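Written below as structure tokens is the structure these notes are about.
Residue numbers (the numbering used here): 10 to 233.
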């Protein structure tokens, strides 16, 4: 078997790279999230990888351009939000750019998963990557909601707006239905968004993951 170069691995498995970067960001944020440069680097690198993965799995060039038009200003506001994390206008605009961008990326990746009856290794990675992207999208929805409706969430850290990483924790807890989060939605709009995410998590497992498992069980082995 011929050894593949790192470039070939990245080119053939863009969803795998995206999944690794998403998980790396989750692990690295506690170390870098308290610094402006750390938040900026993590946010920009992550968005660059997301755009690259989107370009690799996209099916409609026009919609890809739509995502790029959201992604580029989102990168700018990632830096601005790192510099002014408590500036409501910056946080709100950033959230309004990031949320639809991430939701579109998840939509594109799910289309990628359903475009044929084969199960490739990259599609297996895409199953996990799309899931994390949805969690990121809802975290920004929560960030926008607590700007528009102050006091939407409460937590063990005391009163006031929740930091973005806590909202991401809430998003993952809700999407996976584990219910481990100590962040509680108390505003009506916040509770509505949390309920929608819970339903999205259940449907994702029921439709996307179940289909992937079904195709694998039927004997269609993962391809390179």
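We treat Cβ as the ideally placed atom computed from N, Cα and C, and that holds for glycine. Computed from a prediction, not measured in an experiment: that's the story for all the values here.
Host alpha helix (DSSP H) of residue i (start-end)
i           : result
residue 24  : 23-41
residue 175 : 173-184
residue 126 : First-last for residue 126: undefined, no H or E at that position.
Residue burial classification, residue i (beta-carbon count within 10 angstroms, cutoff 16)
i           : result
residue 188 : exposed
residue 206 : buried
residue 247 : No information on residue 247 is available, as it lies outside the stretch 10 to 233 that the chain covers here.
residue 171 : buried
residue 215 : exposed
residue 142 : buried
Beta-carbon separation (whole angstroms), residue i vs residue j, contact threshold 8 Å
i           : j           : result
residue 89  : residue 77  : Rounded, the Cβ-Cβ distance is 19 Å, inconsistent with contact.
residue 105 : residue 139 : Their Cβ separation, rounded to whole angstroms, is 21 Å, which puts residue 105 and residue 139 out of contact at 8 Å.
residue 162 : residue 193 : 7 Å
residue 210 : residue 183 : 7 Å
residue 169 : residue 191 : In fact, because the Cβ distance is near 15 Å, the residues do not count as touching under 8 Å.
7 Å CB neighbourhood of residue i in its chain, flanking five on each side removed
i           : result
residue 148 : 173, 176, 177 and 180
residue 110 : 76, 79, 80 and 83
residue 146 : 108, 111, 112 and 115
residue 51  : 34, 37, 38 and 41
Beta-carbon contacts of residue i that lie in its chain and below 8 Å, excluding the five residues immediately before and after
i           : result
residue 122 : 132, 135, 136, 139, 217, 220 and 221
residue 55  : 30, 31 and 34
Residue i - partner residues in DSSP beta bridges
i           : result
residue 194 : 162
Own chain partners of residue i with C-beta closer than 6 Å, once the 5 adjacent residues on each side are dropped
i           : result
residue 151 : 176
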